[in-house]
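Participant: Below you'll find the structure I mean.
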Amino acid sequence: MNHKNKPTEFSYYGLYLQNYLRENHPDKATDTDFITTRADQAAELYEQSRREGATPDGAQELAMAALVSGLHFSPYNTIVEVLWNEFENEVEPGYAQELALQLLPILQSAFAQYPLSDDFAHSAAYNLLYTELTGAISIITEDGI
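This is the structure in structure tokens:
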């Protein structure tokens, strides 16, 4: 069961992840089950690493890496970047984030065609996706943004 609207008190890792999601994956920022599961895994990894002799900083680094694993590439941020770079004359900079949220579900099929990973933004395929998104957004917003 996904308790997206249930008020939850998060741990340090949960609060960090929730903030990270708000900035990079706002469509996931209210998924308390996802956040709690990831936060619990990160806390367990920290404790396990410490038991195995890792320094506090080393254990923290491992826990944080696990917390945001698979979340470094952001379709939302990619759409915002396309709007800022390619539609700067049509979209006010402050409106780009709101518009990106509206476009995200519409553009999911474009993202689904690519092997998205943490380092996807540094791949040759990223340029293809960027171009495809630019064209799709242009078509979607033909009647004005």
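Numbering (UniProt numbering), first residue to last: 1 to 145. Just so you know, even glycine gets a beta-carbon here, dropped at the ideal spot from N, CA and C.
If you drop the 5 nearest sequence neighbours on each side, which residues of the same chain put their C-beta closer than 8 Å to that of L62?
Facilitator: Numbered from its first residue, the sequence shown carries residue 62 at position 62. Closer than 8 Å at Cβ, skipping near neighbours: L45, Y46, S49 and A54.
Participant: Among the candidates T36, E88 and D118, whose CA atom is the shortest distance from the CA of N24?
Facilitator: As a first step, residue 24 must be located in the sequence shown, where it is residue number 24. Of the candidates T36, E88 and D118, the one whose C-alpha sits nearest the C-alpha of N24 is D118.
Participant: Please say whether F34 and residue 233 have beta carbons closer to each other than 8 Å?
Facilitator: Absent from the model: residue 233. The displayed extent of the chain is 1 to 145, so no value can be given.
Participant: Tell whether a beta-carbon distance below 8 Å holds between L15 and R38.
Facilitator: Translated into the one-based positions of the sequence shown, residue 15 becomes position 15. Translated into the one-based positions of the sequence shown, residue 38 becomes position 38. No, the pair does not count as a contact, with Cβ atoms beyond the cut-off.
Participant: Which one of T32, D27, R22 and Y20 has the shortest CA to CA distance from F10?
Facilitator: Here residue 10 is taken as the residue at index 10 of the sequence shown, counted from 1. Looking at the Cα atoms, T32 is the closest of the given residues.
Participant: Could you tell me which of T134, Y20 and L107 sits nearest to W84, measuring between CA atoms?
Facilitator: Taking the sequence shown and counting its residues from 1, one reaches residue 84 at position 84. When only C-alpha atoms are compared, the closest one is T134.
Participant: Ignoring anything shorter than 4 residues, give me the alpha helix (DSSP H) runs that lie fully in the segment 16-99, in order along the chain.
Facilitator: 32-51, 56-67 and 75-86
Participant: Can you give me the Cβ contacts of G58 inside the same chain, cut-off strictly under 8 Å, excluding the 5 residues immediately before and after it?
Facilitator: Against the sequence shown, residue 58 aligns to sequence position 58. Taken in chain order, the residues that qualify are S49.
Participant: Return helix, strand or coil for L116, following the three-state DSSP convention.
Facilitator: If you number the sequence shown from 1, residue 116 lands on position 116. Reduced to three states, the DSSP call for L116 is coil.
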